[in-house]
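Everything below concerns the one structure shown next.
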Amino acid sequence: MATPDLPKEEKSEVEEDTVEECADGFSDMSDSEFLHLDDLMGPIHCQGEAESSKRNYEAHQNQGELQDTSETVNAENPNCSTELPEGYLQRVEHGKETAGKRHKRKSDARNPLERYHMKYLCVTDLCAQGWCEQQMVYSIELPGFLQPERVALMDRGASIHLARELEVHDIVSVCTKTREDSWAVKFLNLLTTISVLQAGGPVRECPVFGEIDGIFLVGVIDELHYTPKGELELSELKTRGRPSLPTNAQKRNHHLQVKVYKHMFDAMVRGQMNLDNLIRHLCLRPEQPLGAHVKEHAEKAGLTVNCFGDLLELTCLSLTFSDLPNIDRLTLEYHYQKDNTLIGTETVHFGNIEEELQDYMAFWKGWRETKGVDIEEAWKCRSCNYVDICEWRKTMGTVINHTKRTKQ
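UniProt numbering puts the first residue of the sequence shown at 1, with every later residue one more than the last.
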């Protein structure tokens with residue numbers, strides 16, 4: 001299917017930079033890579049939302065959505081109804097052609113978190129969603145389709161991030177035996193971050209955790225430091241394969257990323273990290289004894305903890321009584337991957353992030369179907385790994401062709 005025509009100046013940029021647009025569209029490295037998360041997928045607790053909240057969301061939208069509430073029909077059972085909703089057979093055949101053995105979402109009552117067995121989201125998942133929600137869904141359902149060019153870009157970006165981290169502190173390997181051990185190391189890193197910030201020093205790779213609109217999020221702040229005026233500044237490093245600043249489409253996702261980080265960090269230092277919610281979302285056992293290597297690492301930091309719950313309580317108390325300020329400034333720093341030279345910086349203005357994320361969270365709660373890019377951003381499809389199977393693209397192509405025929 002041909003994509004809609006683009007303005008001449010935008011066509012030129014797309015043709016030269018399509019690979020980087022998708023490779024750097026939402027992040028150089030994901031939060032899960034920074035945190036070395038190995039338990040993103042697994043059993044989760046179903047988190048039911050109040051029906052009134054769903055109605056409030058739907059009332060906020062300008063147009064309603066039709067919900068398919070029909071039950072699955074067993075054709076071999078004569079006692080079951082054989083009356084099918086209009087268009088049902090066509091949807092079945094279309095699903096077979098485009099998705100093979102994938103289950104059709106219309107007949108799946110689970111929300112996406114439950115469907116994909118995700119305990120929580122990374123902040124960079126939201127950024128991927130902002131770039132193209134349909135592409136993000138395909139990346140979960142059909143992993144392993146990264147283009148070699150994109151892999152190379154991400155590897156170069158990772159090297160620059162690592163070099164920047166080593167400028168501030170050494171990286172120490174800690175042997176972990178359980179999931180609680182793995183998360184304990186992350187909280188030990190957070191405790192170290194608190195101490196350094198209290199002493200007025202800079203920190204890199206600061207883990208953040210929190211709940212937004214009932215969904216648990218994790219992330220890693222690239223850098224926190226104090227300005228000469230004493231303001232706490234968040235600086236996010238972004239690397240580029242070309243010596244130029246990103247397009248507005250990319251910037252939107254970068255802005256979203258740092259704004260969510262600020263929201264989560266500010267909530268943590270205000271003492272709003274709920275331990276019960278954290279344990280429930282992550283499916284962790286507070287009574288689990290910590291491994292010998294983890295306890296040894298904690299003792300070197302001057303901490304005496306025996307089980308995972310001890311460390312959680314200590315972290316929560318340290319955050320609550322740390323007197324750390326909220327983040328005052330948000331800055332994006334763009335570097336050229338080839339020689340790590342600075343391309344430019346940009347200040348991001350913070351707003352009401354919960355209102356901005358309302359539509360994002362509605363998808364994860366199962367309140368609406370997957371959406372792809374708008375027609376104006378169809379250029380993103382040119383370097384997408386899933387362009388040949390994209391249901392959204394085919395649907396929009398049908399709409400465009402119908403509109404053209406109507407106008408003729």
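For glycine and all other residues, C-beta sits at the position ideal for the given N, C-alpha and C.
Quantities reported herein were computed from a predicted structural model and do not represent experimental measurements.
*Taking the DSSP output, what are the residues bridged to His335?*
Thr239, Leu342
*If you scan the segment 275–344 from start to end, which runs of the beta strand (DSSP E) of 3 or more residues do you find wholly inside it?*
329–336
*Cα-Cα, which of Val123, Phe265, Cys316, Glu346 is closest to Pro325?*
Phe265
*Over what stretch of residues does the beta strand (DSSP E) that includes Ile375 continue unbroken?*
Counting along the chain, Ile375 falls outside any beta strand (DSSP E), and DSSP gives it neither H nor E.
*asked:* Here's the rule I'm using: 16 or more other beta-carbon atoms within 10 Å means buried, otherwise exposed. How should Lys365 be labelled?
replied: buried
*In or out: Glu180 buried (at least 16 other Cβ within 10 Å) or exposed?*
buried
*Could you tell me the distance, in whole angstroms, from the CA atom of Glu355 to the CA atom of Met273?*
20 Å
*Cβ shell of Gly130 (< 8 Å), same chain only, five flanking positions each side left out*: Phe26, Arg252, Asn253, Leu256, Tyr360
*Please classify Val137: is it buried, with 16 or more other beta-carbons within 10 angstroms of its beta-carbon, or exposed?*
buried
*asked:* Spatial neighbours of Pro112 within its chain, please: C-beta separation below 6 Å, excluding the five flanking residues on both sides.
replied: Trp364
*asked:* At the level of alpha carbons, what is the spacing between Lys394 and Cys381?
replied: 11 Å
*asked:* If I follow the unbroken beta strand (DSSP E) through Gly130, where does it start and stop?
replied: Careful: Gly130 lies outside any beta strand (DSSP E), inside the alpha helix (DSSP H) at 123–131.
*Rounded to whole angstroms, what's the CA-CA distance from Lys177 to Asp276? Just pull it up for me.*
23 Å
*Classify Tyr116 as helix, strand or coil using the three-state DSSP reduction.*
coil
*Measure the alpha-carbon distance for Gly309 versus Asn385 and round it to whole angstroms.*
43 Å
_Rounded C-alpha distance that separates Asn352 from Arg329_ = 15 Å
_Length of the line joining the Cα atoms of Thr331 and Ser235_ = 5 Å
*For Phe209, which three-state DSSP category applies?*
strand
*Since I believe Leu237 is in contact with Leu224 (beta carbons under 8 Å), could you give me their beta-carbon distance rounded to a whole number of angstroms?*
Leu224 to Leu237, Cβ: 12 Å. No contact.
*Thinking C-beta only, is Val218 closer than 8 Å to Val294?*
no
*Does DSSP put Leu357 in a helix, a strand or coil?*
coil
*Supposed close pair Ile327, Lys229 - CB separation, criterion 8 Å*: The Cβ separation is near 14 Å, so there is no contact.
*Give the DSSP-derived three-state secondary structure of Leu263 in the structure shown.*
It should be noted that the sequence gives His, not Leu, for residue 263. If DSSP states are grouped into helix, strand and coil, His263 belongs with the helices.
*Distance, Cα to Cα, Thr200 vs Arg115?*
Reading the sequence as shown, one finds Gly at residue 200 and not Thr. Going by the C-alpha atoms only, they are around 44 Å apart.
_Between which two residues does the beta strand (DSSP E) holding Glu223 run?_
215–226
*Alpha carbon to alpha carbon, how far is Ala249 from Thr98? Give it in angstroms, no decimals.*
In this prediction, Thr98 has a pLDDT of 43, which is less than 50 and means its spatial position is unreliable; what the coordinates show is noted afterwards. Rounded to whole angstroms, Thr98 to Ala249 spans 28 Å at the Cα level.
*asked:* Helix, strand or coil for Glu141? Go by DSSP, reduced to three states.
replied: helix
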